[in-house]
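S.K.: Start counting the sequence shown at 13; every next residue gets the next number (my numbering).
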Amino acid sequence: MKKLQNKVWIFLKRHKFGSYQVLYWIFYFLMTMVKNNDLKKPWPWWGVLIIDAMVFIMIYTIVLIFRKASLALHKRLVILITLFIAYTFLYYYLIFVKLPEYGIRIFNEAAVFTWPGYLFLMFVYYFHSMIEAGLLAAIYRVRGEEKEKRKAQDKYHQAQLQFLMAQLSPHFTYNFDNKVLAIATRTSQELVKPLEQRAKVLRYVTEHAGKFTLEVPLKEEVDYAQKLAAAYGFAHSGTQLNVRLHDDRLGHTIIPMLSSPLLENACEYGIYWDAENPITLNFYGTANSLRIVCRNKINPIQSHHKSTGIGLSNLRKRLKLVYGARATLKIVNDGVFYEVNINIYYEEKTNR
């Protein structure tokens, strides 16, 4: 019973009446009452109300059939024909069997009842009801589309605010580090180089934070990755980390800060001090594609610490949002080496 109540509530909420519909049905009832009063033997008011209620139910049933997008055309036709037959015989039973004294008034008081004439007239009524239902279904569809657009716009604005808020943190850090760098220049020369490197990295992050669909020249992203690698070198003494672009003549573009989660993950969970097996980040380009490979030897101690997976998950989502099916991210882990492979396929029409 509770499930049925929930379904009814959802239905009423989804198909709530607008003021124009309330006015329409009030006007419809008044017009049928006026027409009824012109008859020699008028119906009682409750009889008119019953007929109007049947018309109301029929029209909104047709509206539901029209709005059911998942229904195939042939299924809709079968349902509409079944509804017409059910409505026709229900109407006949109510008016000509239960209330025979009122039945003949619907047609013509002087006319003789015939099934062909009755079915034709009911078809005309049903056809008019389908036209009204079609108009109402169109109104509901337009209202639904407007509601979805408002929701999408609200989500877009919310996302913009979130990215703007995300931009504040690196911007503040960048400005603060510049002040610390100015002090370090006067007091401790050892801090100058790492702070300068950190400032270069944060400058890039600040410039591109919030611009989540923007693409930058590949060379610019590689420069950022090299600065990031240098920053990790200051943070961890003896870091062996190589970043290399194998062909910078292709003119490819790429989403910014793609290198951050790759290098962060490699330095956090990999062996970064082994000169024979350094952490590598390679960019391989062809005319219409780009392959990025980040490889590191697994640190057995850190491998027991479970990664949150936020960085790579975030990167996977960004790739999907910007490139769709044209980008893939695959991870290869053989227990000794951990490798992330990103492939981006560019559309030829972009003339990259």
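Ideal placement from N, C-alpha and C gives every residue a C-beta, glycine not left out.
Small disclaimer: the values here were computed from a predicted structure and weren't measured.
Exposed or buried, which one is His258 when buried takes at least 16 other CB atoms within 10 Å?
M.R.: Here residue 258 is taken as the residue at index 246 of the sequence shown, counted from 1. Burial call: exposed.
S.K.: Can you look up Pro290 in the DSSP assignment and give me helix, strand or coil?
M.R.: In the sequence shown, the residue the question calls residue 290 occupies position 278. Three-state DSSP puts Pro290 in coil, outside helix and strand.
S.K.: Leaving out the 5 sequence neighbours to the left and right, which residues in its chain are closer than 7 Å to Asn187 when beta-carbon positions are compared?
M.R.: Residue numbering aside, residue 187 sits at position 175 when the sequence shown is read from its first letter. Confidence at Asn187 is low in this model, with a pLDDT of 49, below 50, so the placement of that residue should be treated as unreliable; the coordinate-derived value is given next. Cβ within range, chain order: n/a, list empty.
S.K.: Quick one: is Ala122 buried, meaning 16 or more other Cβ sit within 10 Å of its Cβ, or exposed?
M.R.: Within the sequence shown, residue 122 is the residue found at index 110, counting from 1. Annotation note: pLDDT 47 at Ala122 (below 50); position unreliable, coordinate value reported separately. Answer is exposed; the Cβ neighbour count stays below 16.
S.K.: Starting from Glu351 and walking both ways along the beta strand (DSSP E), at which residues does that stretch end?
M.R.: Taking the first residue of the sequence shown as 1, we reach residue 351 at position 339. Here the beta strand (DSSP E) through Glu351 covers 349 to 357.
S.K.: Kindly indicate which three-state DSSP category Ile365 falls into: helix, strand or coil?
M.R.: Examination of residue 365 is not possible in this model, given that the chain is present from 13 through 364 alone.
S.K.: If you pair each beta-carbon of the stretch 81 to 88 with each one of the stretch 154 to 163, do three or more pairs fall below 8 Å?
M.R.: Too few Cβ pairs lie closer than 8 Å, so no.
S.K.: For Ser181, collect the residues of the same chain with a Cβ closer than 6 Å to its Cβ; drop the 5 residues on either side in sequence, then sort them by chain order.
M.R.: For the purposes of this step, residue 181 is taken as residue 169 along the sequence shown, with counting starting at 1. Unreliable positioning characterises Ser181 in this predicted model, as indicated by a pLDDT of 48, which lies under 50. A coordinate reading is not provided.
S.K.: Considering only residues of the same chain and omitting the five flanking positions on each side of Ile304, which have a CB-CB separation below 6 Å?
M.R.: By 1-based counting over the sequence shown, the position of residue 304 is 292. Result list for Ile304: Phe295, Ile354, in chain order.
S.K.: DSSP state of Thr73, grouped into three classes?
M.R.: Residue mapping note: residue 73 aligns to position 61 of the sequence shown, counting from 1. The answer is helix: DSSP assigns Thr73 an H, G or I state.
S.K.: Determine the DSSP secondary structure at Ser82, reduced to helix, strand or coil.
M.R.: Position 70 of the sequence shown, counting from 1, holds the residue named residue 82. The answer is coil: DSSP assigns Ser82 none of H, G, I, E or B.
S.K.: Is Trp127 buried or exposed, if buried means 16 or more other CB atoms sit within 10 Å of its CB?
M.R.: The residue you call residue 127 lines up with position 115 of the sequence shown. By the neighbour-count rule (16 or more Cβ atoms within 10 Å), Trp127 is not buried but exposed.
S.K.: With DSSP collapsed to three states, give me the class of Gly250.
M.R.: Walking along the sequence shown from the start, residue 250 turns up at place 238. Looking at Gly250 - three-state DSSP - the assignment turns out to be coil, as it is neither helix nor strand.
S.K.: Identify which residue in Asn254, Phe41, Pro54 has its Cα closest to the Cα of Met66.
M.R.: What you label residue 66 is simply residue 54 of the sequence shown in a count that begins at 1. When only C-alpha atoms are compared, the closest one is Phe41.
S.K.: CA-CA distance, Lys167 and Ser325?
M.R.: The residue labelled residue 167 in the question sits at position 155 within the sequence shown. The residue labelled residue 325 in the question sits at position 313 within the sequence shown. Answer to the nearest angstrom: the Cα atoms are 21 Å apart.
S.K.: Here's a check: name, in chain order, each residue in its chain whose Cβ is nearer than 8 Å to the Cβ of Arg79, leaving out the five neighbours to either side.
M.R.: Sequence index remark: in the sequence shown, residue 79 carries index 67 (1-based). Closer than 8 Å at Cβ, skipping near neighbours: Ala149, Tyr152, Arg153.
S.K.: Secondary structure at His313, three-state DSSP: helix, strand or coil?
M.R.: Residue mapping note: residue 313 aligns to position 301 of the sequence shown, counting from 1. Per the sequence shown, the amino acid found at residue 313 is Ile instead of His. In this structure, Ile313 counts as coil in the three-state DSSP scheme.
S.K.: Do Lys239 and Gly282 have their C-beta atoms within less than 8 Å of each other?
M.R.: On the sequence shown, position 227 is the one that residue 239 refers to. On the sequence shown, position 270 is the one that residue 282 refers to. Cβ atoms of Lys239 and Gly282: not closer than 8 Å.
S.K.: Residues in the same chain with beta-carbon distance under 6 Å from Asp346, minus the five sequence neighbours each way, listed in chain order, please.
M.R.: Locating residue 346 in the sequence shown gives position 334, counting from the first residue. Once the five neighbours on either side are set aside, Asp346 has no close Cβ partner at all.
S.K.: Kindly give me the distance between the Cβ atoms of Leu92 and Ile77, rounded to whole angstroms, as I take these residues to be in contact under 8 Å.
M.R.: By 1-based counting over the sequence shown, the position of residue 92 is 80. By 1-based counting over the sequence shown, the position of residue 77 is 65. Indeed, because the Cβ distance is near 6 Å, the residues count as touching under 8 Å.
S.K.: Could you tell me the alpha carbon to alpha carbon distance between Ile107 and Phe39, rounded to whole angstroms?
M.R.: The residue given as residue 107 occupies position 95 in the sequence shown. The residue given as residue 39 occupies position 27 in the sequence shown. When rounded, the distance between both Cα atoms is 24 Å.
S.K.: Got a sec, what are the start and stop residues for the beta strand (DSSP E) Ile343 sits in?
M.R.: Here residue 343 corresponds to residue number 331 of the sequence shown, with the count starting at 1. Residues 339 to 345.
S.K.: How many angstroms separate the CA atom of Glu276 from the CA atom of Val75?
M.R.: Counted from its first residue, the sequence shown places residue 276 at position 264. Counted from its first residue, the sequence shown places residue 75 at position 63. Cα-Cα distance, rounded: 56 Å.
S.K.: DSSP puts Arg155 in a beta bridge; with which residues?
M.R.: Taking the sequence shown and counting its residues from 1, one reaches residue 155 at position 143. Answer is none; Arg155 lacks a bridge partner.
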